[in-house]
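>
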Amino acid sequence: MEREELIVRLKAIVAPYTHDAAALANIGPDTDFIKDLKINSANLVDVVLDVEEEFDIEIDNLEMARMLNVTATLEIIEAKLKALDR
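Each number in this note's numbering comes from the position in the sequence shown (counting from 1) with 15 added on.
1. Rounded C-beta distance between valine 29 and valine 62? I'm assuming under 8 Å.
2. In the DSSP assignment, the alpha helix (DSSP H) including lysine 26 goes from what residue to what residue?
3. Between the C-alpha atoms of isoleucine 1 and leucine 25, what's the straight-line distance to the nearest angstrom?
4. Would you list the one or two residues that DSSP bridges to asparagine 84?
5. By the 10 Å Cβ neighbour count, where 16 or more other Cβ atoms means buried, how is methionine 145 classified, buried or exposed?
6. For the alpha helix (DSSP H) holding leucine 59, just list the boundary residues, first then last.
7. Distance, Cα to Cα, glycine 43 vs aspartate 35?
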């Protein structure tokens, strides 16, 4: 799966949780979920759960702790999908 497609799918996942529509419109590899998209920590857990559901993967606690920005999240998703050979 191409990274651009992953970003589009991730954007759809985080959209309900963000309070900054302009930042969401400009989501990219450097976007920080808390600082840029104003997603609170409770909702960040919901984002992780939604990522698991969307991509049919399991994210452990160490990976979850790293998922604070788009780049880290994409790296985790890509590694999980590669491990599943998708």
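We put the CB at the ideal spot given by N, CA and C, even for glycine. Bear in mind the structure is a predicted one, so any value in this text is a computation, not a measurement.
Reading off the structure:
1. To locate residue 29, count along the sequence shown from 1; it is residue 14. To locate residue 62, count along the sequence shown from 1; it is residue 47. 6 Å between Cβ atoms; contact.
2. Within the sequence shown, residue 26 is the residue found at index 11, counting from 1. In the DSSP assignment, lysine 26 falls within the alpha helix (DSSP H) that extends over 18-29.
3. Any answer about residue 1 is impossible in this case: the structure gives the chain only from 16 up to 101.
4. As a first step, residue 84 must be located in the sequence shown, where it is residue number 69. Bridge partners of asparagine 84: Asp47.
5. Past the edges of the chain, shown from 16 to 101, lies residue 145, and the structure says nothing about it.
6. Stepping through the sequence shown from its first residue, residue 59 is reached at position 44. Where leucine 59 is concerned, the enclosing alpha helix (DSSP H) stretches over 56-70.
7. Your numbering for residue 43 matches position 28 in the sequence shown. Your numbering for residue 35 matches position 20 in the sequence shown. Approximately 14 Å between the Cα atoms of the pair.
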